[in-house]
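In this note's numbering, the protein residues as written are 1 to 268.
Think of the CB as a built atom: it goes at the ideal place given N, C-alpha and C, for glycine as much as any other residue.
Keep in mind the model is a prediction, meaning the values are calculated, not measured.
Below is one structure, written out as structure tokens; comments come after it.
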């Protein structure tokens, strides 16, 4: 089998991201070839990411047919921290939206352009010979994975910019899942990786602009060692994506996967 993975926002760098994907691929006992593409792109600059997106997709399309292609939207930023009345300039707001939402919509659109079905093809592919609607298998299976957050579904004071873009992305992927529900070609997953020990987490812990309750919560998690290691959460998320064992469009949390793994271990 030939699989390809496109990842945005590889915080830990190209080599470490590729290594993690390869290790998880082997752990899942998946045979065949895996190609991981991690492109350095300024997702706050449409002129940069539009051209680079086309280049990467053209490179993929020029290769042999893939059995599965994954698009992982991992890029994201906090934006300014503070209350709504403390929001920054319209220019900064627009740049934040470009990086976290507009680029995500555009990359997904271009990904579907190249690998997905058009509306007419999708209508035809879901019709059986007798004219009735029904799912039909297609050659290349696609997965669009959104790295989400609890901030996408719950409001946190002084995290308004972050919550807003995460919520917008969550709805975008729910719409995509609904649009593609009749086709087996495109599947959608939103994965909330938990409170991980990252630079973003450190920024929030050290900020003087968060409400005290949030600052205290983040500091306690760091002190008590309850922040989730990035490799641990990433491994479970990738295993879920590879397994294809989830309802398309579903929002899945790290804790859910931990609980499932524990139940599986006890059953063995």
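- Just so you know, the alpha carbons of residue 202 and residue 222 end up roughly 9 Å apart.
- Unbroken alpha helix (DSSP H) stretches of 4 residues or longer found wholly inside the region 173-215: 199-206, given in chain order.
- Distance from the Cα of residue 44 is smallest, within the candidate group 91, 183, 56, 1, for 91.
- Around residue 33, the same chain offers 2 as residues with beta carbons nearer than 6 Å, after the five sequence neighbours per side are excluded.
- Residues of the same chain with a CB within less than 7 Å of the CB of residue 254, apart from the 5 flanking positions on each side, are 192, 193, 194, 228, 233, 236 in chain order.
- Taking the Cα positions, residue 251 is about 31 Å away from residue 86.
- Taking 7 Å as the cut-off, the Cβ atoms of residue 82 and residue 209 count as close.
- DSSP, read as helix, strand or coil, puts residue 112 in helix.
- In this structure, the beta-carbon distance from residue 151 to residue 142 does not fall below 7 Å.
- Under DSSP, the beta-bridge partners assigned to residue 253 are 192.
- Checking the DSSP bridge columns, you'll see residue 144 partnered with 71, 188.
- The residue among 116, 207, 74, 224 with its C-alpha nearest the C-alpha of residue 230 is 74.
- DSSP links residue 2 through a beta bridge to 33.
- Residue pairing for residue 82: DSSP places it in a beta bridge opposite 159.
- Here the alpha carbons of residue 261 and residue 243 stand approximately 13 Å from one another.
- In this model, residue 113 and residue 218 are separated by some 41 Å (Cα to Cα).
- Counting C-beta atoms within 10 angstroms of its own C-beta, residue 169 has 16 or more neighbours from the protein chains shown and is therefore classed as buried.
- Residue 146 is not a Cβ neighbour of residue 183, given a cutoff of 7 Å.
- C-alpha of residue 144 to C-alpha of residue 66: approximately 15 Å in a straight line.
- About 7 Å separates the beta carbons of residue 96 and residue 165, which is inside the 8 Å limit, making them a contact pair.
- Contact between residue 60 and residue 94 is ruled out by a C-beta separation of about 30 Å, above the 8 Å threshold.
- Around residue 116, the same chain offers 142, 185, 186 as residues with beta carbons nearer than 7 Å, after the five sequence neighbours per side are excluded.
- Nearest Cα to residue 71 within the set 49, 111, 79: 111.
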